[in-house]
Amino acid sequence: MSEIKGPSPDAKVDGSSLRIAIVHARWNKVIIDALVAGALKKLKEAGVKESNIVVESVPGSFELPIACSRMITGSHIQAASNEADLLGGLNFGTPKVASRSGTPAPTIPSANQAFDAVIAIGVLIKGATMHFEYICDAVSNSLMKIQVDTGVPVIFGVLTVLNDDQALERAGLGKGDKKGHNHGEEWGLAAVEMGSHVRRWNSGKFL
Ligand code: DLZ
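The sequence shown begins at 73 in our numbering and counts up one residue at a time.
Pasting the structure below:
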């Protein structure tokens with residue numbers, strides 16, 4: 073394998089305070105499952121708590137942009153509702169501790185905070201028509217637009233490959249000595265790094 077191509081050594085980032093979403097397509101499931109597992113492995117190794125990882129699925133890669141967009145918005149609504157609860161305001165569904173004394177029960181502070189990053193995972197394999205080109209173009213442009221517009225990093229976990237073997241190798245499932253490497257792992261690390269950078273940048277702190 074080339075020594076030049078590929079990411080530089082992992083940035084050491086602590087994911088223990090981050091909340092991360094993974095949304096994956098269900099097309100090409102064997103490869104998807106390996107990529108999601110790779111991303112989850114690295115999220116946990118970086119300290120992201122299991123309770124702060126949300127995994128959702130959509131039919132195909134074409135649905136990834138709407139899922140990312142709505143999940144980011146939904147997590148902001150969830151976080152705002154938690155804040156309102158803590159201030160004694162409206163409660164949109166956070167459970168309350170049962171009161172035995174007749175005095176109002178305190179609201180349990182929820183761990184739900186807005187997502188610090190979303191990983192969009194899909195596997196697009198070229199077929200005989202132009203379908204592949206249109207979907208690759210639309211999905212990659214939309215995901216980039218969502219992260220720039222929302223300010224929440226959207227990690228591009230979409231394989232755009234010419235055949236099954238290329239996809240298998242990029243999920244670490246290749247045949248013989250072409251086992252390849254699971255790119256899901258890099259996506260997990262990228263989510264933690266970008267989530268933590270953006271938090272810092274948003275509070276006006278720079279290295
Ligand atoms: C229709 C379709 C095709 C042909 N190929 C793929 C693929 O390789 N990878 C993928 O994630 N999704 C594929 N899809 C489904 C579309 O992404 C989408 O789900 C449908 O067109 C419905 O909008």
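Glycine included, every Cβ here is placed at the ideal spot set by N, Cα and C. Please read all numbers here as calculations on a predicted model, not as lab measurements.
- Leaving out the 5 sequence neighbours to the left and right, which residues in its chain are closer than 8 angstroms to LYS250 when beta-carbon positions are compared? Contacts found: ASP237 and GLU241.
- Query: By how many angstroms is the C-alpha of ALA139 removed from the C-alpha of ILE218?
  - Reply: Cα to Cα, the separation comes out at about 11 angstroms.
- Item | Start and end residues, alpha helix (DSSP H) containing THR145 | Start and end: 136 to 158.
- How is the alpha helix (DSSP H) around ILE207 delimited, first residue to last? Judged by DSSP secondary structure, ILE207 falls within the alpha helix (DSSP H) whose first and last residues are 203 to 222.
- In the DSSP assignment, find the unbroken beta strand (DSSP E) run with GLU128 in it and report its ends. Here the beta strand (DSSP E) through GLU128 covers 125 to 130.
- With ILE104 as the anchor, note down where its alpha helix (DSSP H) starts and where it stops. Per DSSP, ILE104 belongs to the alpha helix (DSSP H) from 101 to 117.
- CA nearest to the CA of LEU90, picked from GLY276, ALA118 and LYS101: Considering only alpha carbons, the answer is ALA118.
- When DSSP builds the beta bridges, which residues end up paired with ASN235? In DSSP, ASN235 forms no bridge with anything.
- For the alpha helix (DSSP H) that contains GLY256, what are its first and last residues? GLY256 -> alpha helix (DSSP H) spans 255 to 274.
- For LEU245, which three-state DSSP category applies? Shown here, LEU245 sits in coil according to DSSP, grouped into three states, outside any helix or strand.
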